[in-house]
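Undergrad: Chains as they are written, first to last, in the UniProt record's numbering: chain A, 1 to 390; chain B, 1 to 390.
No residue lacks a Cβ here, since even glycine has one placed at the ideal position from N, Cα and C.
For clarity, every value in this text was computed on a predicted model and none was experimentally measured.
There are 2 protein chains.
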Amino acid sequence: MTSSHTAPEPSTDNLAAERLARSYLVRVAEPPAPAVVDFVAQLGPVAAAEAIRAGDCPSRVRDETEARRTHDHAQRDLDEGARLGMRLLIPEDDEWPAWPLLSLQLAASRGVPGAAPPLALWVRGHTRFDEATEQAVAIVGARSATGYGEHVAGDFASALARQGVPIFSGAAYGVDGAAHRGALAAGGTTVALLGCALDAGYPAGHVVLLDKIAELGGLVASEYPPGTPPARHRFLVRNRLIAALSEGTIVVEAGRRSGARNTATTAGALGKVVMAVPGPITSAMSIGCHELIRESGATLVASIDDVIETVGRLGTPRPEKVRSKRPTDGLGPDALRVHEALHKREGKSAEQIAAESGVPVARVRAVLPALELDDLAERCESGWRGRARR
Amino acid sequence: MTSSHTAPEPSTDNLAAERLARSYLVRVAEPPAPAVVDFVAQLGPVAAAEAIRAGDCPSRVRDETEARRTHDHAQRDLDEGARLGMRLLIPEDDEWPAWPLLSLQLAASRGVPGAAPPLALWVRGHTRFDEATEQAVAIVGARSATGYGEHVAGDFASALARQGVPIFSGAAYGVDGAAHRGALAAGGTTVALLGCALDAGYPAGHVVLLDKIAELGGLVASEYPPGTPPARHRFLVRNRLIAALSEGTIVVEAGRRSGARNTATTAGALGKVVMAVPGPITSAMSIGCHELIRESGATLVASIDDVIETVGRLGTPRPEKVRSKRPTDGLGPDALRVHEALHKREGKSAEQIAAESGVPVARVRAVLPALELDDLAERCESGWRGRARR
Numbered sequence: 001m002t003s004s005h006t007a008p009e010p011s012t013d014n015l016a017a018e019r020l021a022r023s024y025l026v027r028v029a030e031p032p033a034p035a036v037v038d039f040v041a042q043l044g045p046v047a048a049a050e051a052i053r054a055g056d057c058p059s060r061v062r063d064e065t066e067a068r069r070t071h072d073h074a075q076r077d078l079d080e081g082a083r084l085g086m087r088l089l090i091p092e093d094d095e096w097p098a099w100p101l102l103s104l105q106l107a108a109s110r111g112v113p114g115a116a117p118p119l120a121l122w123v124r125g126h127t128r129f130d131e132a133t134e135q136a137v138a139i140v141g142a143r144s145a146t147g148y149g150e151h152v153a154g155d156f157a158s159a160l161a162r163q164g165v166p167i168f169s170g171a172a173y174g175v176d177g178a179a180h181r182g183a184l185a186a187g188g189t190t191v192a193l194l195g196c197a198l199d200a201g202y203p204a205g206h207v208v209l210l211d212k213i214a215e216l217g218g219l220v221a222s223e224y225p226p227g228t229p230p231a232r233h234r235f236l237v238r239n240r241l242i243a244a245l246s247e248g249t250i251v252v253e254a255g256r257r258s259g260a261r262n263t264a265t266t267a268g269a270l271g272k273v274v275m276a277v278p279g280p281i282t283s284a285m286s287i288g289c290h291e292l293i294r295e296s297g298a299t300l301v302a303s304i305d306d307v308i309e310t311v312g313r314l315g316t317p318r319p320e321k322v323r324s325k326r327p328t329d330g331l332g333p334d335a336l337r338v339h340e341a342l343h344k345r346e347g348k349s350a351e352q353i354a355a356e357s358g359v360p361v362a363r364v365r366a367v368l369p370a371l372e373l374d375d376l377a378e379r380c381e382s383g384w385r386g387r388a389r390r
Numbered sequence: 001m002t003s004s005h006t007a008p009e010p011s012t013d014n015l016a017a018e019r020l021a022r023s024y025l026v027r028v029a030e031p032p033a034p035a036v037v038d039f040v041a042q043l044g045p046v047a048a049a050e051a052i053r054a055g056d057c058p059s060r061v062r063d064e065t066e067a068r069r070t071h072d073h074a075q076r077d078l079d080e081g082a083r084l085g086m087r088l089l090i091p092e093d094d095e096w097p098a099w100p101l102l103s104l105q106l107a108a109s110r111g112v113p114g115a116a117p118p119l120a121l122w123v124r125g126h127t128r129f130d131e132a133t134e135q136a137v138a139i140v141g142a143r144s145a146t147g148y149g150e151h152v153a154g155d156f157a158s159a160l161a162r163q164g165v166p167i168f169s170g171a172a173y174g175v176d177g178a179a180h181r182g183a184l185a186a187g188g189t190t191v192a193l194l195g196c197a198l199d200a201g202y203p204a205g206h207v208v209l210l211d212k213i214a215e216l217g218g219l220v221a222s223e224y225p226p227g228t229p230p231a232r233h234r235f236l237v238r239n240r241l242i243a244a245l246s247e248g249t250i251v252v253e254a255g256r257r258s259g260a261r262n263t264a265t266t267a268g269a270l271g272k273v274v275m276a277v278p279g280p281i282t283s284a285m286s287i288g289c290h291e292l293i294r295e296s297g298a299t300l301v302a303s304i305d306d307v308i309e310t311v312g313r314l315g316t317p318r319p320e321k322v323r324s325k326r327p328t329d330g331l332g333p334d335a336l337r338v339h340e341a342l343h344k345r346e347g348k349s350a351e352q353i354a355a356e357s358g359v360p361v362a363r364v365r366a367v368l369p370a371l372e373l374d375d376l377a378e379r380c381e382s383g384w385r386g387r388a389r390r
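Printed below as a string of structure tokens:
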């Protein structure tokens, strides 16, 4: 599948330099690194990496990079990754999941803490990442799931995967593992997002499962460069990617203090659909789900039909989607708001867009041609509209 | 416990005549009988019974009574009831649950079909009916409940009964029976409302349970005179009384087409709290509960704490309640709306009441003194307020 956008392809040399720069950046900046992400958006990855390496950067950026800025293993990491069967996917790549990650950037611009998008993703598996996020659903839950929870997770994952829905999860024991296995069993796509490096061998009991995911058309991905061990805070940081990359998150089982609830909360903050599966009130593993439904407005889902009805357009003709080569790189907060205000089909005047986005009309007029260059907007008879891909 | 209202007590002779009249009326009019209820509100029970007996009544009333108006077993029913340990409770009695039944009358005046209050209630048991409805909760559910459903019903009923909450249910097998038994085991009050006569021996397997309820401080009640057999439509008609007489209804288990859902729907239409207990999505007996939560806005309750939080003031100091000797008899739709607009403590002007109730101010001024006579309103420095009982 090739992209149909009209912007010029960056040269292979450029891409290689950008990949090397981002290899340095993901090693140096522990995610989420909002200041580094902003800095890269301003300067581009190559110049930003150079400035950080030299310590010649704003203090916010320095705070996020000072501890490791001399860890300059960029090429070594790329070589080691290649040896281990990983590739470093960067926002400059065609298959970067720019569209779903826009939710993180928008949340970050709204001040949601920790919502910065990733600087790059280490990936195993041969599927295109952008395709694996199309109408994806996350299925997450307790590590200490009951037989009921594992059954439901596997069942939902299989049924959704059979309908072409990619299943995202966190590769943990319990619900996560059952979800990945269910999707694999149905011959579907599943994506495991890890809170450690792809070569950390974690969780130990799921090493074979992760190999299978990478081999059988799925993806295993992580922000963390080779050798990074798992850590509690990394699971929480990872959760934002599960939430952002899927259209909705289903919590199958969760105790009172489950990490799955964190994913659900993040999904809600990103404007994604949050669903929870009920269970026996006598089960400690359903307490979190019931609280999500009762107190946090999660939608109860008791069947695949419920999930499809809730997530919306699954099983119906897919809507046209705007995709860009690098939307997250080019767009500042104003451009994001202008872009959000565009309709896919119907044109709008600059005045109308200004009114809807709250961005001053002069600024809207300046931003629109930039969005057009980025393949994110186009002129039409009635004004401007979002760029729709066939 | 004596009433503190200031209206004159009806004489014992009057009460006897009214009871005899209503014994005739509940025999003649299959509930719900909205036209007969209105007719009795206008003429009083004695004159209304006489007119119906003579066939000298409006056509709507005749429609509801024509089939049985010659079944004049009023005294025989009272005698037979007494022999069987039943009494006929009538709205003219001090212990009539006038306040909770107001919800039915208000719903009827809003045009909710089938919401007419009962003309009288046949009762077994020695507790005062009005006290048994104070902050009551209904626990209902599938006859073919699972072990899980019976466990939850019994558990909730016991825990609530221990906190002084009367438990209402329908005496059916499964959830209903477990709820009654749980309340009895906790030494609490439980009320069984039947869709047949108290002497129908139905359900056969619960005859002993019903005897125990009547003996151990609970109540067994029905609109149906001695000898009335159970019928499907009578269960549905009975459900409105369970819904009206309790502050909230908990559905513990319900299949896709459960009668418990009918009670829940009615409770919602009466403005009562509707709660549902989740269960395994693999259980057909929890489908109805999940649908109620997902589609009908029922509140998920997974613990007694959830129930108490949802129903509100359980376990907190009880609010003062307005009670009247015969509020349902005296009040037309306007008076009901005016009464609804009164505050228990703070006085309001007639203009304010008119604005809030939508009843013209001249009519408000006419209705207020009538409400005062009925002990439902009182004058105060700042206008009019609802009559509060110490």
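Gly-383/B lies in the alpha helix (DSSP H); which residues open and close that run?
TA: Not the alpha helix (DSSP H): Gly-383/B falls in the beta strand (DSSP E), residues 383-386.
Undergrad: Here's the rule I'm using: 16 or more other beta-carbon atoms within 10 Å means buried, otherwise exposed. How should Asn-14/A be labelled?
TA: exposed
Undergrad: Using only the alpha-carbon positions, how far apart do Gly-297/B and Leu-245/B sit?
TA: 21 Å
Undergrad: Span of the beta strand (DSSP E) holding Gly-248/B?
TA: 248-251
Undergrad: Would you identify the three-state DSSP class for Val-301/A, choosing helix, strand or coil?
TA: coil
Undergrad: Any Cβ of chain B within less than 8 Å of the Cβ of Ile-281/A?
TA: yes
Undergrad: Below 8 Å on C-beta distance, what does Leu-300/B contact in chain A?
TA: Pro-278, His-290, Ile-293, Arg-294, Leu-300
Undergrad: Once DSSP output is grouped into helix, strand and coil, what is the label at Met-86/A?
TA: DSSP places Met-86/A in coil when its eight states are reduced to three.
Undergrad: Between the Cα of Asp-176/A and those of Gly-201/A, Gly-164/A, Gly-149/A, Phe-129/A, spot the shortest distance and give me the residue it belongs to.
TA: Gly-149/A
Undergrad: Return helix, strand or coil for Cys-289/A, following the three-state DSSP convention.
TA: helix
Undergrad: Under 8 Å between C-beta atoms, does Tyr-224/A make it to chain B?
TA: no
Undergrad: Taking the C-alpha atoms as reference points, what is the distance between His-233/A and Arg-27/A?
TA: The C-alpha of Arg-27/A is placed about 16 Å away from the C-alpha of His-233/A.
Undergrad: Between which two residues does the beta strand (DSSP E) carrying Arg-124/B extend?
TA: 121-124
Undergrad: Let's test the definition: count the other Cβ atoms within 10 Å of the Cβ of Lys-272/B and tell me whether it reaches 16, buried, or not, exposed.
TA: By the neighbour-count criterion, in which 16 or more other beta carbons inside 10 Å mark a residue as buried, Lys-272/B falls on the buried side.
Undergrad: Say whether chain A places a C-beta atom closer than 8 Å to the C-beta of Lys-321/B.
TA: For Lys-321/B, the pLDDT reaches just 37, beneath the cut-off of 50, and the residue's location in the model is therefore unreliable, although a value from the coordinates is still provided. Judged by the 8 Å Cβ criterion, Lys-321/B is not in contact with chain A.
Undergrad: List the whole-angstrom C-beta distance separating Leu-121/B from Gln-75/B, where the pair is believed to meet the contact cut-off of C-beta under 8 Å.
TA: About 18 Å; that fails the 8 Å criterion.
Undergrad: Using 8 Å as the limit for Cβ to Cβ distance, is Leu-314/A near chain B?
TA: Unreliable placement is indicated for Leu-314/A, whose pLDDT of 45 sits below 50; the coordinate value is still reported in the next sentence. No, no contact with chain B.
Undergrad: Hey, does Asp-306/B have any beta-carbon neighbour from chain A nearer than 8 Å?
TA: yes
Undergrad: Judging by CA-CA distance, which residue of Ala-354/A, Glu-92/A, Leu-43/A, Glu-378/A is the nearest neighbour of Gly-347/A?
TA: Out of Ala-354/A, Glu-92/A, Leu-43/A, Glu-378/A, Glu-378/A has the C-alpha closest to the C-alpha of Gly-347/A.
Undergrad: Between which two residues does the beta strand (DSSP E) harbouring Val-112/B extend?
TA: Segment: none, Val-112/B is in no beta strand (DSSP E) and carries neither H nor E.
Undergrad: For Glu-255/A, tell me which candidate among Ala-171/A, Gly-279/A, Ile-308/A, Ile-287/A has the shortest Cα-Cα distance.
TA: According to the sequence displayed, residue 255/A carries Gly and not Glu. With distances taken between Cα atoms, Gly-255/A lies closest to Ile-287/A.
Undergrad: Relative to the C-alpha of Gln-163/B, which residue among Ala-192/B, Ala-366/B, Asp-305/B is closest?
TA: Asp-305/B
Undergrad: Could you list which residues in chain A have their beta carbon closer than 8 Å to that of Tyr-24/B, in chain order?
TA: Those within 8 Å of Tyr-24/B in chain A number zero; the least Cβ separation is about 48 Å.
Undergrad: Please list the partners that residue 407/A has in chain B, where partner means a Cβ-to-Cβ separation under 7 Å.
TA: Within the shown structure, residues of chain A are numbered from 1 to 390, placing residue 407/A beyond reach of any answer.
Undergrad: Excluding five sequence neighbours on each side, which residues of the same chain lie with their C-beta closer than 6 Å to the C-beta of residue 391/B?
TA: The structure shown does not extend to residue 391/B, since chain B is modelled only from 1 to 390, so the question has no answer here.
Undergrad: Does any residue of chain C have a CB that is nearer than 8 Å to the CB of Val-61/B?
TA: Any reference to chain C falls outside this structure, whose protein chains are A and B.
Undergrad: Leaving out the 5 sequence neighbours to the left and right, which residues in its chain are closer than 6 Å to Phe-39/B when beta-carbon positions are compared?
TA: Ala-48, Val-61.
Undergrad: What is the DSSP secondary structure of Val-277/A, reduced to helix, strand or coil?
TA: coil
Undergrad: When the cut-off is 8 Å and only beta carbons count, does Tyr-202/B lie next to chain A?
TA: So no, Tyr-202/B is outside the interface.
Undergrad: Under the DSSP definition of a beta bridge, which residues are partnered with Leu-219/B?
TA: Val-191/B
Undergrad: Flag this pair as yes or no: are the beta carbons of residue 475/B and Val-220/B separated by less than 8 Å?
TA: Since the displayed chain B opens at 1 and closes at 390, residue 475/B lies outside it and no answer follows.
Undergrad: Specify the secondary structure class of Val-137/A as computed by DSSP and reduced to three states.
TA: strand
Undergrad: Between which residues of its own chain and Gly-383/B is the CB-CB distance below 6 Å, once the five residues before and five after are set aside?
TA: Gly-347, Lys-348, Ser-349
Undergrad: Using a Cβ cut-off of 8 Å, pull out every chain A residue sitting near Val-152/B, in sequence order please.
TA: Ile-281, Thr-282
Undergrad: If Ala-35/A and Glu-64/A are in contact, beta carbons under 8 Å, what's the gap, nearest whole angstrom?
TA: 5 Å
Undergrad: Which residue marks the beginning of the beta strand (DSSP E) containing Arg-363/A, and which one marks its end?
TA: Unbroken run through Arg-363/A is the alpha helix (DSSP H), 361-373; no beta strand (DSSP E).
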